[in-house]
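S.K.: The sequence shown begins at 1 in UniProt numbering and counts up by one.
From the three backbone atoms N, C-alpha and C, an ideal C-beta is built for every residue, glycine too.
Got a structure for you, questions after.
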Amino acid sequence: MSSEKVLEKLWPYLQLFEPKLWLEINTKFLAPEKSISSLILPPRKILSATLPTRTTPIPSIPSNIITNEYALELSSWIDRKETTYTENNPYESKLLVRGSRDGFDVKTIYNICDKVSNTIIVAKVEDTGEIIGGYNPLEIHNSETKWYSSQDSFVFSLKTENLKNSIISRVTIFNYAICYYTNKLWLQFGGALTLGGNLKTEKKSNCQMYAYEKSIRSNLNGFSVEEFEVFKVSPKK
Numbered sequence: 001m002s003s004e005k006v007l008e009k010l011w012p013y014l015q016l017f018e019p020k021l022w023l024e025i026n027t028k029f030l031a032p033e034k035s036i037s038s039l040i041l042p043p044r045k046i047l048s049a050t051l052p053t054r055t056t057p058i059p060s061i062p063s064n065i066i067t068n069e070y071a072l073e074l075s076s077w078i079d080r081k082e083t084t085y086t087e088n089n090p091y092e093s094k095l096l097v098r099g100s101r102d103g104f105d106v107k108t109i110y111n112i113c114d115k116v117s118n119t120i121i122v123a124k125v126e127d128t129g130e131i132i133g134g135y136n137p138l139e140i141h142n143s144e145t146k147w148y149s150s151q152d153s154f155v156f157s158l159k160t161e162n163l164k165n166s167i168i169s170r171v172t173i174f175n176y177a178i179c180y181y182t183n184k185l186w187l188q189f190g191g192a193l194t195l196g197g198n199l200k201t202e203k204k205s206n207c208q209m210y211a212y213e214k215s216i217r218s219n220l221n222g223f224s225v226e227e228f229e230v231f232k233v234s235p236k237k
């Protein structure tokens, strides 16, 4: 290394050299044949391997009916997004009611979810495998028979083997968005989704089109369900 290179490359880092080593570097210019007694480390090896990207697993929704992909789609509808979320769901879902665990009577929903808002009901229809449900932003009341107004509620049918694309139907007649009919054990999203009686043993539930954009089922007859669940949906902290 020439004296010019020493001045250019080493002098700026003078404070990093041990005094003895720096003295021997300068001595080398005066007596090139003189040996160096300072410890010289081998060249540093450069790591060429690429470290794996750290990924954060997507929390699994606590459901026996819907998957994380369905949950992302529902969250997109709540936020009125034109494209579906594909990761980082902004909402977390807390299971409140499961038919096979808590009972299939509609009154179970009223008893457990009293004063709870922002709920999603999902149900798997008996025999057909359809997955239908509704989003209710309002508080549920277990002792009233009354229509409530909402501009944000919607009903849906999720994509399955027999349904090419998911269907969402938003409320259009706001004053008839949600009805709590507790003395006769009905829960209604307009006429678009009516849940009645024992959801498993009776066929009182049905899907029409009143107060919402479109019907979510082609079959307008009453149906029963294999399973249903109710979730409280909250923004992630």
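Consult DSSP for Gly197 and reduce its assignment to one of helix, strand or coil.
M.R.: coil
S.K.: With DSSP as the reference, please indicate the residues paired to Gly133 in a beta bridge.
M.R.: Val122, Phe156.
S.K.: So what does DSSP say about Glu227, is it helix, strand or coil?
M.R.: strand
S.K.: Quick one: is Phe228 buried, meaning 16 or more other Cβ sit within 10 Å of its Cβ, or exposed?
M.R.: buried
S.K.: If you pair each beta-carbon of the region 205-220 with each one of the region 186-196, do three or more pairs fall below 8 angstroms?
M.R.: yes
S.K.: Please look up how many angstroms separate the CB atoms of Glu139 and Lys115, rounded, as I've assumed it's under 8 angstroms.
M.R.: Glu139 to Lys115, Cβ: 6 angstroms. Contact.
S.K.: Please name the residue in Asn136, Lys200, Ser143 whose C-alpha comes closest to that of Ala177.
M.R.: Asn136
S.K.: Since I believe Ile132 is in contact with Phe104 (beta carbons under 8 angstroms), could you give me their beta-carbon distance rounded to a whole number of angstroms?
M.R.: Incorrect: roughly 15 angstroms between the Cβ atoms, too far for contact.
S.K.: Whole angstroms is fine: what's the gap from Asn88's alpha carbon to Glu24's?
M.R.: 59 angstroms
S.K.: Quick check on DSSP: helix, strand or coil for Leu163?
M.R.: strand
S.K.: Verify whether the separation of the beta carbon atoms of Ser166 and Lys159 is less than 8 angstroms.
M.R.: It is a contact, given that the beta carbons lie within the stated cut-off.
S.K.: Alpha carbon to alpha carbon, how far is Asn64 from Leu95?
M.R.: 11 angstroms
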